[in-house]
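Data block below; observations after.
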Amino acid sequence: MSEILLEARNLQISFGGVVAADDVSLAIERGKNLAIIGPNGAGKTTFLNICTGWIKPTRGRVYFEGQDVTPLPPRRIVRLGVARAFQIPQLFTEHTALENLLISAAAREQLGNPLQDLHRIRERAEMLHLLDMVGCADVADRLVVELSEGQRKLVDIAVALALRPKLLLMDEPTSGVASSEKFKVMEILVKALAEAKVTSVFVEHDMGIVSRYADEVAVWAAGRLQMQGSPEEILRHPDVIRDVIGEAV
Amino acid sequence: MTLRLAIPALLILAVAAIPFAAPQLQLLMNLALAKGIAVVGVTVLLRAGQVSFGHALYFAIAAYAAAFLSASMPGADLALVLLVAISGAVLSGIVVGLFVVRYRGIFFGMLNLAFSMIFWSILEKFYHYTGGADGIRLPRPTVFGMALERGPFELIMFYLSVALVLLLGWFTIRWFASPTGQIFQTIKTNETRLQYLGVSPQRALLSGYILSAALCGTGGVIMGIVQGVVTPEFAWWIRSGEMVFIAVLGGAGSVAGAFVGAVIYEAVRVYASAFAGDIWQLVLGGFLLVIILFAPKGVIGIYDAALARLTGKGLTGKGRSE
Ligand SMILES: Nc1ncnc2c1ncn2[C@@H]1O[C@H](COP(=O)(O)OP(=O)(O)OP(=O)(O)O)[C@@H](O)[C@H]1O
Ligand SMILES: [Mg+2]
Chain A
1 MSEILLEARN
11 LQISFGGVVA
21 ADDVSLAIER
31 GKNLAIIGPN
41 GAGKTTFLNI
51 CTGWIKPTRG
61 RVYFEGQDVT
71 PLPPRRIVRL
81 GVARAFQIPQ
91 LFTEHTALEN
101 LLISAAAREQ
111 LGNPLQDLHR
121 IRERAEMLHL
131 LDMVGCADVA
141 DRLVVELSEG
151 QRKLVDIAVA
161 LALRPKLLLM
171 DEPTSGVASS
181 EKFKVMEILV
191 KALAEAKVTS
201 VFVEHDMGIV
211 SRYADEVAVW
221 AAGRLQMQGS
231 PEEILRHPDV
241 IRDVIGEAV
Chain B
250 MTLRLAIPAL
260 LILAVAAIPF
270 AAPQLQLLMN
280 LALAKGIAVV
290 GVTVLLRAGQ
300 VSFGHALYFA
310 IAAYAAAFLS
320 ASMPGADLAL
330 VLLVAISGAV
340 LSGIVVGLFV
350 VRYRGIFFGM
360 LNLAFSMIFW
370 SILEKFYHYT
380 GGADGIRLPR
390 PTVFGMALER
400 GPFELIMFYL
410 SVALVLLLGW
420 FTIRWFASPT
430 GQIFQTIKTN
440 ETRLQYLGVS
450 PQRALLSGYI
460 LSAALCGTGG
470 VIMGIVQGVV
480 TPEFAWWIRS
490 GEMVFIAVLG
500 GAGSVAGAFV
510 GAVIYEAVRV
520 YASAFAGDIW
530 QLVLGGFLLV
540 IILFAPKGVI
550 GIYDAALARL
560 TGKGLTGKGR
570 SE
């Protein structure tokens, strides 16, 4: 029994002359890992921006668990169970890696006791475990500005996971991660997602990662969703090889 | 570690001894403590990367609320006066805050200034109610139903101020470390992430804004009661600027720095004036210049560095005094 978690219908948006979303319709099934591929500037990030309410489409609607979330601000959509990791990590730069996660947990639980120390909240062990899961336990007490680009990406994902989302949107999770580490990182992530029963959408340029970890692939080009299908059929499609894979090489 | 605790403890004891050891300093110190509490309010906002150039508004609102209450209810109790005054600051902080928390940086700073200027004009122009530029008297409140003579009353106000400094300083430091306080401080670094944690940055900023209004109000009402008169000068923009000045001087973002800064500021202002008129601005201006150029963490930053050298321990990024 498949069930639609998030559904986009006929999304439309342009910036100046650039059409970044052109009649985009896509349904995301619960429990699946969906990869989005496409050349630079195709509108992949824009799609995530619209799904999370950051950008409002001029036409079209977004439904999450059947509820129309198009008019809601990001924070309301997040509270319904959509979390996001960014192409460029969005972290609190004056805080440590662990503190970034603790703040996420505090936001999730809406902790409000003015005399409680953030470092002493009940969720601390859970957050340490999460940092450990993404391989960043050893840098827990370092300011995030001192971390490597790859570590920051992982902490950014952990911050999103700390919200215990139903759906996690990741924008190029392995960019900035050393290529020798990419598979290891994805292995950890996919395992963590399965363990937490989180549905995921990830934008990815590495076709090796896509073929290995995606249950389904959506191909973007020039603001349009060009095709959608299993990794086997999509990655072998001549158009995809010419327009996407060719360009990525 | 013991030195880190011993020095502040000694300073607090020295302040507490003033009414007996150096009574001529008592009034000066009391005014400095009142100002220090207000400066903590400005310091709170600095932690979120915001500067208000209008927080004298809350200083004045609390002071005038106390004056109006005492005028309409002669012999009102000190506790009641404080409660009403601080509530006034908090309420107006909520109303003005709901509006200004939508802005950041220069717009936030200037909007606060605008509100304080409007209030200042009201105080000046509505002469019949506010006494205009002369202000209104704030008669001595009773203490637990007793009408006290000037001496004992001033002594009570002094120790009440010391107690409030310790209590509010302690609370603010704890609040900074709490989940709400930490979320408030992320306004400075990443509002995008904050929204994607399901938090409204506006509401996060409002929480600290209300605290800052309460602190400024507390400082204002103490100042009003100790001086026995409140004037529109309480809301004047120079006074708002002075709070920012002291906050930066003491150590932007540091609670202890707010008090150290306030004491230094008042001392220089009073004693330098004794030598030559207007020389205190020169001294303080030069001092601030040196601080910004060579010690951007303020007097508290210098203290931390000296302590680190003394105890032979390096300062980590997080190892600063609150
Ligand atoms: N907020 C915005 N304002 C103006 N133009 C925008 C905005 N967001 C996206 N664009 C434009 O829309 C187009 C699609 O951008 P988008 O970031 O969605 O592409 P992408 O597929 O994520 O590319 P990349 O692989 O480089 O990350 C680009 O031409 C971009 O310049
Ligand atoms: Mg992108």
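Listed in order, the protein sequences are those of chains A and B. Note that this note's numbering numbers the first sequence so that position 12 is 12, with each residue one more than the last. In this note's numbering, each residue's number is its place in the second sequence (first place is 1) plus 249. C-beta atoms are modelled at their ideal positions from N, C-alpha and C, and glycine is treated no differently.
Ligand 1 never approaches A222 (chain A) closely enough for any of its heavy atoms to be under 7 Å from the residue's Cβ.
With the criterion set as a beta carbon lying under 9 Å from some beta carbon of chain A, the members of the segment 419 to 443 of chain B are F420, R423, W424, A426, S427, P428, T429, G430, Q431, I432, Q434, T435, K437, T438, N439, T441, R442 and L443, in sequence order. In this structure, ligand 2 has a non-hydrogen atom nearer than 7 Å to the beta-carbon of K44 (chain A). In the DSSP assignment, W419 (chain B) forms no beta bridge with any residue.
Put simply, the segment 91 to 99 of chain A does not touch the segment 39 to 56 of chain A. Fewer than three CB pairs are less than 8 Å apart. When the Cα atoms are used, Y408 (chain B) and A265 (chain B) turn out to be separated by approximately 7 Å.
Counting along the chain, D22 (chain A) sits inside the beta strand (DSSP E) bounded by residues V18 to E29.
When C-beta distances to chain B are compared with 7 Å, the residues of the segment 111 to 128 of chain A below that value are L111, G112, N113, P114, L115, Q116, D117, L118 and I121, in chain order. Separation of L362 (chain B) and L542 (chain B) (C-alpha to C-alpha, rounded to the nearest whole angstrom) is 26 Å.
For T251 (chain B), the enclosing alpha helix (DSSP H) covers residues T251 to A270.
In the DSSP annotation of this structure, E172 (chain A) is not part of any beta strand (DSSP E), being labelled neither H nor E.
By DSSP's assignment, D156 (chain A) forms no beta bridge with any residue. Here the segment 110 to 124 of chain A makes no contact with the segment 135 to 143 of chain A; the two share fewer than three CB pairs at distances below 8 Å. A140 (chain A) sits in coil when the DSSP states are folded into three classes, being neither helix nor strand.
Of all C-beta pairs linking the segment 462 to 477 of chain B to the segment 273 to 284 of chain B, three or more are shorter than 8 Å, placing the two stretches in contact. Under the three-state reduction of DSSP output, I209 (chain A) falls in the helix class. L306 (chain B) is not a Cβ neighbour of F402 (chain B), given a cutoff of 8 Å. Assignment of I88 (chain A) by DSSP, reduced to helix, strand and coil, places it in the coil class. Interface criterion met: the Cβ of L446 (chain B) is under 8 Å from a Cβ in chain A.
If you draw a 10 Å sphere on the C-beta of F433 (chain B), you find 16 or more other C-beta atoms in it, and that means buried. The three-state secondary structure of W220 (chain A), taken from DSSP, is strand. Uninterrupted alpha helix (DSSP H) stretches at least 4 residues long and entirely within the segment 381 to 410 of chain B do not occur. Just so you know, the alpha carbons of G400 (chain B) and R122 (chain A) end up roughly 51 Å apart. Along the segment 149 to 181 of chain A, the positions whose C-beta sits under 9 Å from a C-beta of chain B are D156, V159, A160, A162 and L163, read in chain order. Linking M186 (chain A) to A218 (chain A) through their CA atoms gives a straight-line distance of about 19 Å. In the DSSP assignment, A8 (chain A) falls within the beta strand (DSSP E) that extends over I4 to F15. Three or more beta-carbon pairs separated by less than 8 Å are not found between the segment 423 to 438 of chain B and the segment 318 to 337 of chain B, which leaves the two stretches without contact.
Ligand 1 has a heavy atom closer than 7 Å to the beta-carbon of V18 (chain A).
In the DSSP assignment, G500 (chain B) falls within the alpha helix (DSSP H) that extends over W486 to G500. For S461 (chain B), none of the residues of chain A pass the 7 Å Cβ criterion, the least Cβ distance being about 14 Å. Contact check between the segment 520 to 528 of chain B and the segment 331 to 348 of chain B: fewer than three CB pairs, one atom from each, fall below 8 Å, which does not count as touching. Among the bridge pairs identified by DSSP, T96 (chain A) is matched with A:L143. Annotation for R242 (chain A): no alpha helix (DSSP H) segment contains it, and DSSP assigns it neither H nor E.
S503 (chain B) is outside the set of residues whose beta carbon lies under 8 Å from a beta carbon in chain A. Around the beta carbon of E149 (chain A), fewer than 16 other beta carbons lie within 10 angstroms, which makes this residue exposed. Sequence-distant Cβ neighbours of K374 (chain B) in its own chain, meaning closer than 8 Å and more than five residues away, are G381.
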